[in-house]
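Numbering (this note's numbering), first residue to last: 773 to 1154.
C-beta: ideal position from N, C-alpha, C; glycine also.
Presented below is the structure to which this report refers.
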């Protein structure tokens, strides 16, 4: 019962968080940002896991008889797994999109139309790999002793079952985890290098810079550090939450797992981890990202106060690109401007010294001429 209570709490938190993400990311202004489309589809997939896949897992936990007929068992039940594949595909696309923006910021970036094609490919690939094979093996069976009707795959051969779950584990766990981890490492290296360059540049040119330049540099450093905080939880949550369920299916296809109380508890815990993964993304974005927090607060405040203004701020994915792509161009201009200011001050200082020296020389020459002509010195007469 404790695990069930935790599952319900995580379900409620994930539902509220993903609904808020959908509302914020689906605004017209935010949909023009490529990263927000991936985040929106990720939230939709997470809601599908929470509202469709999660009840199916609960029915298996408590041995609840399949309430629908054989037709829905063969058609609807396989579709419940498509959200699993789409969510993982969106997380991978977000990682690659950020990698492109931050590591290769000077190259052409993904357009909104390309993002739509990528999302269509993710949904299509999830359908063909995850859903379509189940159409041919789903069966509605009645258990011999309890009489409970169960809708589950009935594989024709053991090899077919092994091939299916091996393919799922490779395409939807190991490959995405490798891509996310590699992109995270590259992005982390790039951001740390950017922070070090910005910090060194700010210290070396402190006297030559204006206050605005310092504020811009500090802002970019803050944005890069915030990006680092946002990437790590995504990788850790994905790796930890998705591993047990994938390995359970993979091992179960090769070794017969006997049903016991320990197996039932393990299955419930693995389901809890899956629900946690579907509920964690909005928490990660809202806690580690000030732009999401600002959009969430404005949305909640508008619902309370009845306002209807739209936010003008995009989600944080746009700030990362702006921070990295502008560093090379802006830092060069700022260095040139700083050097020009230093040269101007040096030339002004040298001109002032020359002018003062010339004035003193002229005054001394005039005094000598007056003394040579026999004019009395006013200071002596006084």
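Going straight from the alpha carbon of residue i to that of residue j, what length do you get?
i            : j            : result
residue 889  : residue 895  : 10 Å
residue 838  : residue 919  : 11 Å
residue 789  : residue 1051 : 7 Å
residue 1070 : residue 820  : 26 Å
residue 1088 : residue 826  : Low confidence applies to residue 1088: its pLDDT is 41, below 50, so where it sits in the model is not reliable, and the reading given next is rough at best. When rounded, the distance between both Cα atoms is 30 Å.
residue 899  : residue 854  : 6 Å
residue 972  : residue 787  : 44 Å
residue 868  : residue 804  : 18 Å
residue 892  : residue 808  : 15 Å
residue 1036 : residue 1042 : 10 Å
residue 1007 : residue 928  : 36 Å
residue 884  : residue 955  : 21 Å
residue 865  : residue 1014 : 17 Å
residue 921  : residue 796  : 41 Å
residue 842  : residue 830  : 20 Å
residue 785  : residue 792  : 11 Å
residue 773  : residue 1009 : 24 Å
Which residues does DSSP pair with residue i in a beta bridge?
i           : result
residue 912 : 923
Alpha carbons only, please: which of the options is nearest the one belonging to residue i?
i            : options                : result
residue 1056 : 883, 1005 and 927      : 1005
residue 1017 : 781, 788 and 1048      : 1048
residue 939  : 903, 805 and 798       : 903
residue 1040 : 804, 795 and 828       : 828
residue 1033 : 824, 834 and 803       : 834
residue 763  : 851, 948 and 923       : Residue 763 lies beyond the residue range present for the chain, which begins at 773 and ends at 1154; the question has no answer from this structure.
residue 781  : 794, 798, 1020 and 822 : 822
residue 949  : 966, 1011 and 933      : 1011
residue 848  : 907, 952 and 1054      : 907
residue 851  : 905, 1029 and 916      : 905
residue 1054 : 1046, 1068 and 932     : 1068
residue 779  : 1072, 1066 and 1045    : 1045
- Quick one: which unbroken alpha helix (DSSP H) runs of 4-plus residues sit fully inside the region 924 to 979? Chain order, please. Segments of the alpha helix (DSSP H) lying fully in the region 924 to 979: 930 to 941 and 947 to 976.
- Item | the region 851 to 864 contacting the region 808 to 821, beta-carbon criterion three pairs below 8 Å | Output reads yes: the region 808 to 821 touches the region 851 to 864.
- Item | Length-filtered (3 minimum) beta strand (DSSP E) runs lying within the region 839 to 918 | You should have 910 to 914.
- Touching by the beta-carbon criterion (3+ pairs, under 8 Å), the region 867 to 880 and the region 908 to 922: Counting Cβ pairs under 8 Å, fewer than three are found: no touch.
- At least three beta-carbon pairs within less than 8 Å, the region 1021 to 1030 to the region 929 to 945: Note that the region 1021 to 1030 touches the region 929 to 945; at least 3 beta-carbon pairs, one per stretch, sit closer than 8 Å.
- Between the region 862 to 878 and the region 958 to 967, are three or more C-beta pairs nearer than 8 Å? Contact holds between the region 862 to 878 and the region 958 to 967, because three or more Cβ pairs, one in each stretch, are under 8 Å apart.
- In the region 774 to 804, which residue ranges form an unbroken beta strand (DSSP E) of at least 3 residues, counting only runs that do not cross its ends? Qualifying beta strand (DSSP E) stretches: none in this window.
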